[in-house]
Amino acid sequence: MKANLKLVSIGAGSSYTPDFAEMIIAHRGELPMKEWVLMDIDEYRLNAVGNFSKKILQDAGVEIKVRLTTDLIDAVTDADYVISTIRVGGAHARVLDETIPPKYGLVGQETTAPGGLAMGLRNVPATVEIARTIEKYAKPEAWLINLANPGGMLTEAVYRYTNCKAVGLCNWPSMAWKMAAEAFEVERDDVFLQFVGLNHLNWAKIFVKGKDVSEQAKILLPQKLGEQMGMSGAISKFFLPRDLIDAIGWPFAVLYCRYYYMMDEMLAGGEAYDEMNKTMIDMVSKQLPEDVLAEVDLSKLHTRAEFVELIDKITIELYRKQDMNGFRLVQGTRGGAGYGAAGLDVMRAMVNNMNQVQIVDYPNSGSIADIPRDCVVQIPCLINAAGVWPLAMGEMERHMHALVNAAKQYEILTIEAAMEGDYRKALEALFASPLENSFKNSKAVLDELLLAHEDYLPNFKTAIAKIKNSERPY
């Protein structure tokens with residue numbers, strides 16, 4: 484197979500980038516790559532992560548040209564595939580997204596409203612710019628593979644504002660598929676997930692060799708994951724309660740559904756995340772030297788975002804020193820394992836015409852009944868050399884349909900607000916979200932989030948100036 488593919492990673496200063504290097508090594512026979520271009524506007528992070536990723540490839544004897552650049556046009560010119568892992572504002576922006584909303588009695592989480600709205604306002608314009616640049620400079624058949632958050636929202640923005648071909652990915656569906664295969668001790672292709680919803684708001688039924696095994700999966704999946712990760716006690720906190728699952732009507736729901744079904748418990752405190760952070764550090768401590776572990780002081784951390792910010796800072800410095808402990812740290816504590824596989828699996832399926840079913844963010848096209856065809860949803864699609872083909876999933880439960888429709892309108896309004904700098908649409912997006920129910924609190928949290936992220940929201944310059952002057956911004 485002739486090596487002729489050009490892969491581009493945008494936001495390559497991400498601590499997850501070395502995972503792509505590992506997957507390139509693992510699938511070198513299926514991905515005939517001649518060049519991997521790493522692009523980021525943060526030159527310090529780019530050099531640290533990029534040079535470390537080069538070392539991983541070199542140590543494995545993989546001869547691919549790896550080039551670093553801070554120029555977007557230079558990066559995507561003649562590209563075949565572009566993977567985006569951008570995070571406008573960096574790890575500290577996530578801290579703001581998660582710590583500001585609880586002041587107003589609202590959920591503090593980076594991908595769901597209102598923190599997810601702030602993230603969308605920052606990431607949507609940047610993602611649209613990337614997609615437009617791909618349209619103009621990459622090969623006509625190029626694909627954008629989006630791994631940045633909020634995943635479904637960003638993919639929706641690409642389809643609403645450009646003609647760029649794109650899929651959005653989260654590592655959770657691919658990991659869930661793999662987990663199901665391992666739990667039932669079968670091959671991946673013996674498993675099918677009837678998967679419906681949006682990114683971070685989804686449900687599934689599980690089939691093995693044509694048989695619905697969803698009831699058994701309710702018990703097996705938490706049990707197997709606990710055994711694998713050595714955190715059986717903590718795992719119970721990261722699957723929905725059995726009585727809730729039975730009430731929903733679908734046996735498998737993404738963890739983020741807790742914010743929609745268990746808001747009171749999620750607002751009550753971060754004990755579950757505290758336990759997860761500690762458990763992950765305990766797990767990875769067996770692989771890391773004491774000087775690295777000494778820098779991870781959990782006593783001063785109160786949110787998952789603060790934990791991630793600390794791990795990110797330590798990881799980048801370890802990468803800069805070409806220290807594999809950085810890779811072990813991010814994989815063991817941030818769920819980094821799987822992002823590379825998720826991104827490159829789409830490439831593999833297309834390049835090798837695999838006719839493989841994968842769960843991606845993609846326009847509905849009739850897959851989920853009664854959801855508009857052009858809305859981006861998270862569904863199983865057949866992926867081959869001809870492209871991405873949604874599979875029919877049928878109807879959802881009525882309450883699921885209501886949640887998805889409301890959350891989708893929230894996403895669309897956020898996208899429009901981000902592109903237009905429209906304060907009223909941003910506020911309306913919060914009205915549409917199933918997670919908001921107070922005009923007073925929605926407006927207050929929006930004002931504070933806009934002020935906190937002012938440097939990354941040029942489209943909202945006028946609205947922010949009015950907020951500072953105590954004027955109504957709409």
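Residue numbers (the numbering used here): 484 to 957.
C-beta atoms are modelled at their ideal positions from N, C-alpha and C, and glycine is treated no differently.
Fewer than three Cβ pairs drawn from the region 582-590 and the region 617-633 lie within less than 8 Å of each other, which leaves the two stretches out of contact. Residue pairing by DSSP places Thr-552 opposite Met-522 in a beta bridge. With distances taken between CA atoms, Leu-932 lies nearest to Leu-589 out of Leu-589, Ile-569 and Ala-666. DSSP lists Gly-870 as the bridge partner or partners of Asn-867. Taking C-beta atoms under 8 Å as the contact rule, Ala-889 and Pro-917 qualify, at a distance of about 5 Å. Rounded to whole angstroms, the separation of the alpha carbons of Val-559 and Phe-535 is 22 Å. Note that the C-beta distance between Ala-614 and Leu-627 is below 9 Å.
A check of alpha carbon separations from Lys-707 across Ile-689, Glu-665, Asn-646 and Leu-684 identifies Glu-665 as the nearest. In this chain, the beta strand (DSSP E) harbouring Val-491 covers 488-493.
Sorting Ala-504, Ala-531, Glu-526 and Leu-529 by C-alpha distance to the C-alpha of Glu-518 places Ala-504 at the top. As summarised for the region 522-602, the continuous alpha helix (DSSP H) elements at least 4 residues long and confined to that stretch are 526-542, 555-559 and 573-582, given in chain order. Per DSSP, Gln-892 is one residue of the alpha helix (DSSP H) stretching across 881-903.
The residues Arg-671, in chain order, have a CB closer than 8 Å to that of Lys-661 in the same chain once the five nearest residues on each side in sequence are set aside.
Around the C-beta of Gly-693, fewer than 16 other C-beta atoms lie within 10 Å, and the residue is accordingly described as exposed. If the five residues before and after Ala-601 are omitted, its C-beta is found closer than 7 Å to the C-beta atoms of Asp-580, Leu-932 and His-936, all from its own chain and listed in chain order.
For Lys-908, the enclosing alpha helix (DSSP H) begins and ends at 906-915.
DSSP lists no bridge partner for Gly-809. Approximately 5 Å separates the beta-carbon atoms of Pro-597 and Val-928; this is inside 8 Å, confirming the contact. Between the alpha carbons of Leu-812 and Arg-955 lies a gap of roughly 46 Å. Taking one beta carbon from each stretch, the region 843-852 and the region 865-882 have 3 or more pairs nearer than 8 Å; the two touch.
For Gly-826, the closest C-alpha among the options Val-571, Asn-606 and Leu-630 is that of Leu-630. Between Val-611 and Tyr-644, the C-beta spacing is below 9 Å. Put simply, the backbone Cα of Gln-699 is about 47 Å away from that of Asn-530. Here Asn-838 really is in contact with Leu-865; their C-beta atoms are around 6 Å apart, less than 8 Å.
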